[in-house]
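These notes concern the structure reproduced below.
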Amino acid sequence: MLAILAALLSLAWSAHAAREGEGSEAETRAIAQAEEAAKDTHAIQEKLKEKDLAAEKRAAFEQTLKSKDENITAGEKRFPESPKYATTAGTYWYSRGDLDKAVTSADRALELATPDGDPKLTSKALTIKGLAVFRKRDYEASLRLAEEALKLDPGNSAALEVKEYSKSALHLRGLGEVVAKRTERIFALTDPGVAHTAEEWSDRQASNPTEAGRLVGKVIKSREEGDLGAQLQYAEAAVRADPSDPMTYFQRGRVRKEVDDQNGAIIDFTQAMHLGWKDALMFKLRAEALIRAGSYREAYVDALMAVAYNPKLAEAYVLRAMARRRAEGNDAAGIVRAKAEIMADVEKAVRLDPALRVFLDDERAAIAEAEEKVRKQAAPAAPKPTHSATDPNAPSGAAIPAGPSRDARGGLVLYAGAVLGLIALLLAVAVVALLASRKGTKVVETPLASGDHSAGDSGRPDPVAAPAGPRTTEGSLLGGHIRVVREIGKGGMGVVCLGEDMKLRRPVAVKQLAPGLSHGPAERERFRAEALTMAKLKHPNSASIYELIEEPDGLFLVMEYIDGETLAQRLTRTRKLAPAECLPILKQLCQGIGHAHNHGVLHRDLKPSNVMIERETELVKIMDLGIARFTESPDGRTVTATQIGTPAYMAPEQHDGVVSRESDLYSMAIMLYELLCGVRPFIGDMVQAKIAENYPPITKTLPGWAGLDGFFKRALASNRESRFHSAGEFYEAFENALARGASK
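Remember, this note's numbering sits 35 above the position in the sequence shown when you count from 1.
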């Protein structure tokens with residue numbers, strides 16, 4: 036919910052009341068108390084969401100809220116003729132989640148407003164009412180109210196955002212439901228009185244340098260040097276140094292986005308917005324992360340807001356066009372209906388920056404393809420078979436959830452799940468450059484110069500890239516009975532599509548060897564090995580493989596389709612899990628991994644995005660066993676090979692290419708730590724930190740669970756011989772550690 040907005044909106048209003056000098060001293064005090072109540076209410080309601088909150092604390096918090104409700108109600112009766120108090124009361128009720136009372140209070144403020152009154156106060160009352168009716172999903176009313184608010188105060192950024200969100204909800208089919216369900220994670224509206232800019236932040240640092248500012252400077256310097264590990268280390272330290280500074284979250288979000296931690300990046304950018312940092316660059320960066328995460332409707336709105344904040348930001352128009360088309364999923368008719376809007380955006384982008392023409396060509400090709408599909412569907416001689424499709428934003432059964440993809444001109448591949456490698460690699464992304472001065476740190480947003488790219492940035496797209504590899508298209512038939520419905524993601528080894536088994540009438544996940552890899556015999560053989568590996572691992576907690584299909588243009592694994600969410604997505608929603616919530620998840624993980632280990636198979640890339648949880652049953656499924664190998668050393672436990680895995684979750688020896696059962700369990704320990712704490716244990720130079728076993732004790736986050744320190748000391752030991760040697764032993768030790776902690 037948008038409770039935080041109301042708390043932030045109120046901050047500027049008390050200052051306004053003081054400037055005006057109107058109203059009695061008692062009224063001024065009451066308004067200040069009501070504003071403070073709105074801020075406190077948000078914090079209390081956040082506490083009440085905690086599942087493990089003690090009963091006596093819960094009761095005390097609920098009583099506090101009841102008292103605040105009574106005080107606000109009494110204030111409204113005491114100052115019935117005060118538009119300022121009525122507006123502040125509307126803010127409180129909105130932050131409380133009582134939308135009807137918020138509307139009533141805002142209406143009272145509007146009734147009390149006089150022609151010669153303060154237009155900004157009236158604008159804020161209209162904004163509060165607009166927010167409330169938006170939450171009630173009356174988007175036409177919220178749009179009208181926001182437009183009225185902007186007429187009175189063109190600088191009201193909260194009203195601007197309500198206006199744009201309302202337009203989007205009315206315009207983009209299905210967006211309203213998405214907004215209603217995901218507002219707290221995605222949207223953060225603030226009042227102009229608490230907004231920040233890079234220039235303002237730099238000026239504050241110049242006059243009053245802080246430790247957080249010094250660390251931000253180190254992040255930027257490390258970015259210029261291309262040192263991702265140092266960037267992450269300093270960004271994490273900056274957040275710890277000052278968690279109230281939005282710049283620290285902004286910088287950490289940029290690093291997380293660079294290392295492909297899109298969920299973490301979304302959380303950080305959103306937190307920076309909650310703290311008042313609102314500009315075109317922030318919305319653009321979050322739109323990129325959302326596209327990569329497959330959340331196209333939310334990305335569309337963020338791109339729209341980036342345009343609203345800076346109409347000359349060319350990349351924002353490209354993002355909006357990309358998100359708009361992908362939001363239609365495999366609905367060719369929907370894409371055709373959106374043609375004018377999509378083409379207007381990319382044409383505008385090219386006018387602003389001709390180097391973006393490749394995207395114009397790509398969107399033209401995509402729309403032409405959709406138009407051809409519509410023509411074929413309309414042809415009576417060749418009716419298109421029907422099939423059931425799921426939500427285009429639903430997670431895939433075998434890879435990071437994502438949406439449709441297609442090959443761009445010259446071999447550029449656009450896909451969610453990795454697509455903003457696309458933006459990072461192909462656009463001139465704005466960066467923060469460090470200008471050091473004697474007084475402090477100066478931060479300026481500048482575009483990258485031609486040929487000057489940050490780590491992992493390869494510059495503009497190459498118009499004569501190599502031809503694309505094999506590609507699945509909607510309606511393709513594999514093996515005579517598996518029909519491709521749509522592309523839903525991309526893993527490290529292959530593209531993943533939703534398919535339909537026409538013989539057994541069931542949905543399946545189809546994994547194809549990634550474009551550009553299928554022509555090499557080694558990769559094809561490795562893909563076959565993946566099929567053999569997964570076929571051997573028949574277990575309730577690992578995704579089943581049904582068959583391997585070989586076609587002239589590639590190899591295809593037909594697998595179990597899982598309707599649910601990844602553990603990474605759950606972490607995005609919940610930030611962290613209580614120990615009791617982790618226990619059933621870990622038990623199933625250990626059962627699945629233990630079964631694989633007993634069959635001589637190592638996973639080698641365990642991480643939250645490779646673990647899925649079924650929507651209805653909460654059954655845990657281990658995904659992406661495509662990098663597992665059967666090649667064993669003489670002791671039957673250790674494999675030496677090239678480095679494969681995700682560095683943040685790898686055991687120390689895995690960085691040197693050595694993997695074992697213990698390295699899988701080490702990865703599981705990092706996952707478990709992240710589930711419990713909301714952050715991973717190692718930052719910065721991760722290899723050295725892992726070797727030194729340098730991580731915060733878990734009791735810093737969970738002080739009541741002393742037994743867990745000993746568990747993680749063994750689970751994260753740098754020497755693999757000192758760790759747990761089986762998944763069963765790992766789970767039993769964790770269960771016992773919880774029991775010891777709970778008994779104290």
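C-beta: ideal position from N, C-alpha, C; glycine also.
Checklist entry - Do residue 290 and residue 325 have their C-beta atoms closer together than 7 Å? => result Their beta carbons are not under 7 Å apart, which means residue 290 does not touch residue 325 by this criterion.
Next on the checklist: Here's a check: name, in chain order, each residue in its chain whose Cβ is nearer than 8 Å to the Cβ of residue 742, leaving out the five neighbours to either side.
Outcome noted: Beyond the five residues adjoining it in sequence on each side, residue 742 comes within less than 8 Å, by CB distance, of 771, 772, 773, 774, 775 and 776 in the same chain, given in chain order.
Next on the checklist: Excluding the 5 residues flanking residue 759 on each side, which residues of the same chain have their C-beta closer than 8 Å to its C-beta?
Outcome noted: These residues qualify, in order along the chain: 697, 700, 749, 750, 765 and 768.
Next on the checklist: Quick check: what's the CA-CA separation for residue 762 versus residue 628?
Outcome noted: Their Cα atoms are separated by approximately 7 Å.
Next on the checklist: Which of the three DSSP states is assigned to residue 513 in this structure?
Outcome noted: Correct three-state label for residue 513: strand.
Checklist entry - Excluding five sequence neighbours on each side, which residues of the same chain lie with their C-beta closer than 6 Å to the C-beta of residue 273? => result Here the set comprises 247, 250, 251 and 283.
Item to check | Cα-Cα separation, residue 578 to residue 299 | outcome: Their Cα atoms are separated by approximately 26 Å.
Item to check | Straight-line Cα distance separating residue 602 from residue 644 | outcome: Each residue's alpha carbon lies about 6 Å from the other.
Next on the checklist: Just to confirm before moving on: does the CB-CB distance between residue 346 and residue 307 stay below 7 Å?
Outcome noted: A distance of 7 Å or more separates the beta carbons of residue 346 and residue 307.
Checklist entry - For residue 313, which of 356, 278, 193 and 133 has the nearest alpha-carbon? => result Of 356, 278, 193 and 133, the residue nearest in Cα terms is 193.
Item to check | Cβ contact check for the stretch 702-720 and the stretch 648-655: 3 or more pairs under 8 Å | outcome: Contact between the stretch 702-720 and the stretch 648-655 is absent: fewer than three C-beta pairs spanning the two stretches fall below 8 Å.
Checklist entry - Are the beta-carbon atoms belonging to residue 119 and residue 66 less than 7 Å from one another? => result Their beta carbons are under 7 Å apart, which means residue 119 touches residue 66 by this criterion.
Item to check | Cut-off 7 Å between Cβ atoms - residues of its own chain near residue 753, not counting five sequence neighbours on either side | outcome: Leaving aside the five residues that flank residue 753 on each side, the residues in its chain whose CB is nearer than 7 Å to its CB run, in chain order, 687, 725, 726 and 728.
Checklist entry - From residue 659 to residue 546, what distance separates their C-alpha atoms? => result When rounded, the distance between both Cα atoms is 10 Å.
Checklist entry - Tell me, which residues are paired with residue 535 by DSSP? => result Answer by DSSP bridge pairing, in chain order: 518 and 542.
Item to check | Bridge partners - residue 590, DSSP secondary structure assignment | outcome: Partner(s): 585.
Checklist entry - Fully enclosed by the stretch 719-752, which alpha helix (DSSP H) runs are 4 residues long or longer? => result Entirely contained in the stretch 719-752, the alpha helix (DSSP H) runs reaching 4 residues are, in chain order, 721-727 and 742-750.
Checklist entry - Since residue 544 and residue 596 are thought to touch, with beta carbons under 8 Å apart, how far apart are those beta carbons, to the nearest angstrom? => result Contact flag correct, Cβ pair sits at about 5 Å.
Next on the checklist: If you measure between the beta carbons of residue 570 and residue 584, is that distance less than 7 Å?
Outcome noted: Cβ atoms of residue 570 and residue 584: not closer than 7 Å.
Next on the checklist: To the nearest angstrom, how far is the alpha carbon of residue 422 from that of residue 202?
Outcome noted: Only weak support exists for where residue 422 lies, its pLDDT of 37 falling under 50; the coordinates are left without a value.
Checklist entry - Buried or exposed: where does residue 145 fall if 16 or more other Cβ atoms within 10 Å of its Cβ makes it buried? => result Buried, by the Cβ-count rule.
Checklist entry - Anyone know if the C-beta pair for residue 380 and residue 355 falls short of 7 Å? => result Yes, the Cβ-Cβ distance between residue 380 and residue 355 is below 7 Å.
Item to check | Extent of the continuous beta strand (DSSP E) run through residue 308 | outcome: Premise fails: residue 308 lies in the alpha helix (DSSP H), 297-309, not in any beta strand (DSSP E).
Next on the checklist: For a test of the three-state rule: what should DSSP assign to residue 769, helix, strand or coil?
Outcome noted: Secondary structure of residue 769 (DSSP, three-state): helix.
Checklist entry - Based on Cα-Cα distance, which residue from 76, 340, 586 and 270 lies nearest to residue 293? => result Closest option to residue 293, Cα to Cα, is 270.
Checklist entry - How big is the Cα-Cα spacing for residue 143 and residue 301? => result C-alpha separation (whole angstroms): 37 Å.
Next on the checklist: My output table needs one value for residue 99: the three-state DSSP class, helix, strand or coil.
Outcome noted: Here residue 99 sits in helix by DSSP.
Item to check | Pairwise C-alpha distance: residue 353 and residue 400 | outcome: Going by the C-alpha atoms only, they are around 15 Å apart.
Checklist entry - Quick one: Cα of residue 81 to Cα of residue 74, how far? => result Straight-line Cα distance between these residues: approximately 11 Å.
Item to check | Outcome for residue 286 when other beta-carbon atoms lying within 10 angstroms are tallied against a minimum of 16 | outcome: Using a 10 angstroms sphere on the CB of residue 286, the tally of other CB atoms reaches 16 or more, which defines it as buried.
Item to check | N-terminal and C-terminal residue of the beta strand (DSSP E) that residue 599 is part of | outcome: Element bounds for residue 599: 599-601.
Item to check | Closest Cα partner of residue 413 within the set 538, 368 and 275 | outcome: Looking at the Cα atoms, 368 is the closest of the given residues.
Checklist entry - Anyone know if the C-beta pair for residue 391 and residue 349 falls short of 7 Å? => result Contact flag set, yes.
Item to check | For residue 86, the first and last residue of its enclosing alpha helix (DSSP H) | outcome: Where residue 86 is concerned, there is no enclosing alpha helix (DSSP H), given that its DSSP letter is neither H nor E.
Item to check | Reference residue 141, options 128, 515 and 149, closest by Cα | outcome: Out of 128, 515 and 149, 128 has the C-alpha closest to the C-alpha of residue 141.
Checklist entry - Grouping DSSP H, G and I as helix and E and B as strand, with all else coil, what is residue 290? => result Helix at residue 290.
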